[in-house]
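A quick write-up on the structure given underneath.
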Amino acid sequence: MSRLVSRILLSMFMFPLAVLFYAFVMVVAEESQQGFGSRMREADMFLASDGLTWLVVAVYWCVLWRTAVNWNTSRILGTFLSALGAAIVGGLAGWSAGSLIGPLDAGFGVFIGGILAIILWLIATVFIWRETAAERAQRIKGSSKSAVTCPTCGYNLTGLSESRCPECGSKFTLDELLALQLKTDKDIE
12 MSRLVSRILL SMFMFPLAVL FYAFVMVVAE ESQQGFGSRM READMFLASD
62 GLTWLVVAVY WCVLWRTAVN WNTSRILGTF LSALGAAIVG GLAGWSAGSL
112 IGPLDAGFGV FIGGILAIIL WLIATVFIWR ETAAERAQRI KGSSKSAVTC
162 PTCGYNLTGL SESRCPECGS KFTLDELLAL QLKTDKDIE
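Every number in my numbering is 11 more than the matching position in the sequence shown, counting from 1.
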């Protein structure tokens with residue numbers, strides 16, 4: 012099994028594990044209330060579960076993909092800013108959901124907002140961490156010295172019978188493709 016397939020499978024297992032962790036934190040919070048005699052509001056229990064679950068999901072997700080992502084300043088900053096944006100959107104959605112139901116069930120709004128924030132952050136990281144055409148071309152070049160890649164999108168053109176990229180549709184003459192390939196090779200070195 013390749014590393015990519017393993018990562019994809021482990022990514023799929025993350026959601027059931029997150030649900031189990033969320034339920035575990037809720038049970039612990041409920042049990043601790045009875046033991047210490049303090050009454051934690053239901054909304055606070057949901058907020059604590061949301062925060063701890065997001066932390067576990069974020070650590071799991073980052074550790075899982077750490078070697079597959081070309082970490083640079085813009086990706087790191089984008090990851091943190093997307094977390095902030097997801098928390099704001101999730102908070103607004105949770106507040107709206109709580110307002111629609113009424114003040115008696117504010118915990119439901121917090122639950123919805125927290126889960127939405129986690130999902131939005133995961134979706135954002137997929138787009139932020141995606142490799143660029145230049146990174147893809149460099150990765151393909153690194154794995155095979157004879158690889159010919161599309162200068163537009165980085166698709167591996169090795170073995171094709173025509174000089175049109177099946178990925179992006181760009182057309183090149185063989186002379187243009189060779190000249191662009193030599194230029195790209197010099198830029199990488």
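Just so you know, even glycine gets a beta-carbon here, dropped at the ideal spot from N, CA and C.
Residue i versus residue j - alpha carbon distance
i, j, result
"M12", "F91", "32 Å"
"M25", "R86", "22 Å"
"I99", "E146", "32 Å"
"G101", "I126", "8 Å"
"G165", "F57", "45 Å"
"S6", "T143", "The displayed coordinates of the chain run from 12 to 200. Any statement about residue 6 would go beyond what the structure contains."
"E200", "I134", "Model confidence at E200 stands at a pLDDT of 48, short of 50, so the residue's coordinates are unreliable and nothing is read from them."
"K182", "P162", "10 Å"
"I129", "A148", "32 Å"
"A108", "A34", "21 Å"
"N151", "F138", "It should be pointed out that residue 151 corresponds to Ile in this sequence rather than to Asn. Going from the Cα of I151 to the Cα of F138 covers about 20 Å."
"E42", "T84", "43 Å"
"M23", "A190", "43 Å"
Proximity of residue i and residue j at Cβ, strictly below 8 Å
i, j, result
"G96", "G120", "no"
"W76", "W132", "no"
"S93", "T136", "yes"
"A69", "V36", "no"
"G124", "A54", "no"
"V159", "L185", "no"
"T64", "A29", "yes"
Beta-bridge pairing of residue i - partner residues as DSSP gives them
i, result
"N167", "T160"
"K182", "R175"
Backbone secondary structure at residue i - three-state DSSP
i, result
"R141", "coil"
"M12", "coil"
"L188", "helix"
"F132", "Note on identity: in this sequence residue 132 is Trp, with Phe being the wrong assignment. The answer is helix: DSSP assigns W132 an H, G or I state."
"W82", "coil"
"M25", "helix"
For this session: Return the chain-ordered ranges of every alpha helix (DSSP H) run that is complete within the region 32-80 and spans a minimum of 4 residues.
Result: 53-76
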